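The structure appears right after this line, and notes come after that.
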Amino acid sequence: HGGSMAMVAAPSYQVLGRWRLAMYGLFDEWITVTGTDQSWTMFAPSPAQVNLYLSEVVVQPDGQRFEVRGLVREQGPVRLRYDRVRRMKHAMLTKKRAQARAWAELQCREWALARGVWPVEIELHRRATAIPPPEEVAAKGPIYREQLKEVGSRVDRFPCPPGGLPYFMKERYGLPISDEDRAAAAVEAERQRREDERKRQAWEARRGIFGPG
Numbered sequence: 006h007g008g009s010m011a012m013v014a015a016p017s018y019q020v021l022g023r024w025r026l027a028m029y030g031l032f033d034e035w036i037t038v039t040g041t042d043q044s045w046t047m048f049a050p051s052p053a054q055v056n057l058y059l060s061e062v063v064v065q066p067d068g069q070r071f072e073v074r075g076l077v078r079e080q081g082p083v084r085l086r087y088d089r090v091r092r093m094k095h096a097m098l099t100k101k102r103a104q105a106r107a108w109a110e111l112q113c114r115e116w117a118l119a120r121g122v123w124p125v126e127i128e129l130h131r132r133a134t135a136i137p138p139p140e141e142v143a144a145k146g147p148i149y150r151e152q153l154k155e156v157g158s159r160v161d162r163f164p165c166p167p168g169g170l171p172y173f174m175k176e177r178y179g180l181p182i183s184d185e186d187r188a189a190a191a192v193e194a195e196r197q198r199r200e201d202e203r204k205r206q207a208w209e210a211r212r213g214i215f216g217p218g
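The opening position of the sequence shown corresponds to residue 6 in this note's numbering, with each subsequent residue numbered one higher.
The following block contains the structure:
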């Protein structure tokens, strides 16, 4: 095993080419069985080049704009835990737009509960700071993220759903409920009842295909 490891990890110099070919004939079967042949660059990944942050901007009906303090660099100190919220925000900055829409609707509800105002829309902004390369850090000393130049841009915007907070949330938090809210809740309950009945009938029909039971 030591010989196979030496062969795999040895530098890919031309002078070692013939030696590597001969050694491969000796350790071919062992390498295949043990899976020793792999890319060792996984143990020396490229250093991070940029810090990414997602911030939310709430737009109220009167035109006022407020930035929601989320996971941005001003909060400090450096967080050691890469929790679910941070993973979600990174995904929303890159590829998962459907997740971003759901997150924006959550911000609409949270803002209404905290401020009593139903927003018009939520803007998602990308904020980034470039990380100096290792050579620059070695030459100039440690870096402080508060001193790094930041660039930002709006990546998406989502309108808040019309109608304000849903009925069940007003009921849960003891907020005023209007007759329109009750009527809309009754319509939704009836729609859900019909949907459940349709599913039940479809299930009964499938059971009949394979006999009783």
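The beta-carbon is built from N, C-alpha and C at its ideal position, and this holds for glycine as well.
This one's a predicted model, so the numbers in the text were calculated from it and none came from an experiment.
- Query: Within 10 angstroms of its Cβ, does F32 collect 16 or more other Cβ (buried), or is it exposed?
  - Reply: For the purposes of this step, residue 32 is taken as the residue at position 27 of the sequence shown. So F32 counts as buried.
- Ordered along the chain, which non-local residues of its own chain (more than five positions away) have a Cβ less than 8 Å from that of P181? As a first step, residue 181 is located in the sequence shown; it is residue number 176 there, counting from the start. Contacts found: K175.
- Message: Here's a check: name, in chain order, each residue in its chain whose Cβ is nearer than 7 Å to the Cβ of Q112, leaving out the five neighbours to either side.
- Response: Taking the first residue of the sequence shown as 1, we reach residue 112 at position 107. Listed in chain order, the non-local C-beta contacts of Q112 below 7 Å within the same chain comprise E61, V63, V73 and I127, local neighbours out to five positions each way being set aside.
- Query: Is DSSP giving G30 helix, strand or coil here?
  - Reply: By 1-based counting over the sequence shown, the position of residue 30 is 25. In the structure shown, G30 sits in a helix (DSSP, three-state: H, G or I).
- Query: Counting pairs of beta carbons, one from the segment 99 to 112 and one from the segment 152 to 166, are three or more of them closer than 8 Å?
  - Reply: Yes, they touch.
- In terms of residues, what are the limits of the alpha helix (DSSP H) holding L118? Position 113 of the sequence shown holds residue 118. Start and end: R102 to R120.
- Task: State buried or exposed for S9, treating a residue as buried only when at least 16 other CB atoms are found within 10 Å of its CB.
- Result: By 1-based counting over the sequence shown, the position of residue 9 is 4. Under this definition S9 is a buried residue.
- Task: Give a yes or no on whether the C-beta atoms belonging to L98 and L153 are separated by under 9 Å.
- Result: For the purposes of this step, residue 98 is identified with residue 93 of the sequence shown, where counting begins at 1. For the purposes of this step, residue 153 is identified with residue 148 of the sequence shown, where counting begins at 1. Here L98 is not near L153, since their CB atoms are 9 Å or more apart.
- Query: DSSP state of G7, grouped into three classes?
  - Reply: As a first step, residue 7 is located in the sequence shown; it is residue number 2 there, counting from the start. In the three-state reduction of the DSSP assignment, G7 falls in the helix class, which pools H, G and I.
- Item | Cβ-Cβ distance between L118 and Y178 below 9 Å | By one-based count along the sequence shown, residue 118 stands at place 113. By one-based count along the sequence shown, residue 178 stands at place 173. Cβ atoms of L118 and Y178: closer than 9 Å.
- Message: Give me, in chain order, the residues of the same chain whose beta-carbon lies closer than 6 Å to that of R203; leave out the 5 immediate sequence neighbours on both sides.
- Response: Translated into the one-based positions of the sequence shown, residue 203 becomes position 198. Result list for R203: empty, nothing under 6 Å.
- Task: Go ahead and pull the three-state DSSP assignment for I136.
- Result: Taking the first residue of the sequence shown as position 1, residue 136 is located at position 131. DSSP places I136 in coil when its eight states are reduced to three.
- Item | Nearest neighbour of G168, chosen from R92, D184, M93 and R132 [CA to CA] | The sequence position of residue 168 within the sequence shown is 163, counting from 1. Checking every option, the nearest Cα to that of G168 belongs to D184.
- With DSSP as the reference, label Y172 as helix, strand or coil. Counted from its first residue, the sequence shown places residue 172 at position 167. Looking at Y172 - three-state DSSP - the assignment turns out to be helix.
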